[in-house]
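The structure appears below as C-alpha coordinates.
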(Lines of atoms letter the chains of each structure in order from A and count residues from 1; the text may use other names and numbers.)
(Lines give C-alpha, C1' and ligand atoms only; values in the text may rest on other atoms or scores of the structure.)
Protein backbone atom coordinates (compact mmCIF):
# COMPACT_ATOMS: atom_id res chain seq x y z
CA UNK A 1 0.00 0.00 0.00
CA UNK A 2 1.51 3.36 -1.04
CA UNK A 3 0.37 6.94 -1.28
CA UNK A 4 1.89 10.18 -2.50
CA UNK A 5 2.87 12.29 0.51
CA UNK A 6 4.48 15.72 0.84
CA UNK A 7 7.45 15.17 3.15
CA UNK A 8 8.55 18.82 3.27
CA UNK A 9 9.32 19.72 6.92
CA UNK A 10 8.60 16.13 8.05
CA UNK A 11 11.20 14.37 10.20
CA UNK A 12 9.67 10.91 10.72
CA UNK A 13 7.09 8.67 9.11
CA UNK A 14 5.68 6.29 11.74
CA UNK A 15 3.55 3.17 11.75
CA UNK A 16 1.93 1.10 14.47
CA UNK A 17 1.20 -2.55 13.70
CA UNK A 18 0.89 -6.02 15.15
CA UNK A 19 2.44 -8.98 13.36
CA UNK A 20 1.10 -12.45 14.14
CA UNK A 21 3.03 -15.05 12.19
CA UNK A 22 1.48 -18.53 11.98
CA UNK A 23 3.53 -21.39 13.42
CA UNK A 24 2.91 -23.26 10.17
CA UNK A 25 5.20 -20.88 8.27
CA UNK A 26 7.99 -22.80 6.57
CA UNK A 27 11.18 -23.10 8.62
CA UNK A 28 13.77 -20.44 7.85
CA UNK A 29 11.22 -17.80 6.83
CA UNK A 30 9.94 -14.72 8.66
CA UNK A 31 7.59 -11.86 7.94
CA UNK A 32 9.13 -8.43 7.44
CA UNK A 33 7.14 -5.23 7.82
CA UNK A 34 8.73 -2.17 6.23
CA UNK A 35 8.03 1.51 5.70
CA UNK A 36 9.04 2.38 2.14
CA UNK A 37 9.88 5.73 0.57
CA UNK A 38 9.90 5.71 -3.23
CA UNK A 39 10.09 1.90 -3.15
CA UNK A 40 13.14 1.76 -0.86
CA UNK A 41 12.94 0.33 2.65
CA UNK A 42 13.46 3.17 5.12
CA UNK A 43 12.61 1.19 8.28
CA UNK A 44 11.91 -2.49 8.85
CA UNK A 45 11.27 -5.15 11.47
CA UNK A 46 11.00 -8.93 11.25
CA UNK A 47 8.99 -11.55 13.11
CA UNK A 48 9.68 -15.31 12.95
CA UNK A 49 7.20 -18.18 12.64
CA UNK A 50 4.93 -18.78 15.62
CA UNK A 51 5.54 -15.38 17.19
CA UNK A 52 3.69 -12.11 17.63
CA UNK A 53 5.36 -8.73 17.58
CA UNK A 54 3.77 -5.39 18.38
CA UNK A 55 5.57 -2.56 16.64
CA UNK A 56 4.49 0.47 18.62
CA UNK A 57 6.77 2.91 16.84
CA UNK A 58 8.26 1.71 13.56
CA UNK A 59 9.78 4.97 12.30
CA UNK A 60 11.57 6.05 9.12
CA UNK A 61 13.80 9.13 9.14
CA UNK A 62 12.75 11.32 6.20
CA UNK A 63 14.32 14.57 7.41
CA UNK A 64 16.73 14.70 4.44
CA UNK A 65 14.01 14.59 1.75
CA UNK A 66 11.40 17.14 0.73
CA UNK A 67 8.60 17.37 -1.77
CA UNK A 68 6.13 14.68 -2.77
CA UNK A 69 7.29 11.06 -2.46
CA UNK A 70 5.58 7.68 -2.49
CA UNK A 71 5.36 6.43 1.11
CA UNK A 72 4.10 2.96 1.85
CA UNK A 73 3.95 -0.05 4.12
CA UNK A 74 5.07 -3.44 2.81
CA UNK A 75 4.67 -6.91 4.33
CA UNK A 76 6.74 -9.68 2.78
CA UNK A 77 8.27 -13.09 3.47
CA UNK A 78 12.03 -13.04 3.99
CA UNK A 79 14.69 -15.62 4.74
CA UNK A 80 15.52 -15.41 8.44
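Residue numbers (my numbering): -18 to 61. Idealized CB from N, CA, C, for every residue including glycine. Quick caveat, the model's predicted, so the values are computed rather than measured.
According to DSSP, residues forming a beta bridge with residue 36: -2
Which of helix, strand or coil DSSP assigns to residue 3: coil
Residue -13 in three-state terms, based on DSSP: strand
Rounded distance between the beta-carbons of residue 60 and residue 9, thought under 8 angstroms: 6 angstroms
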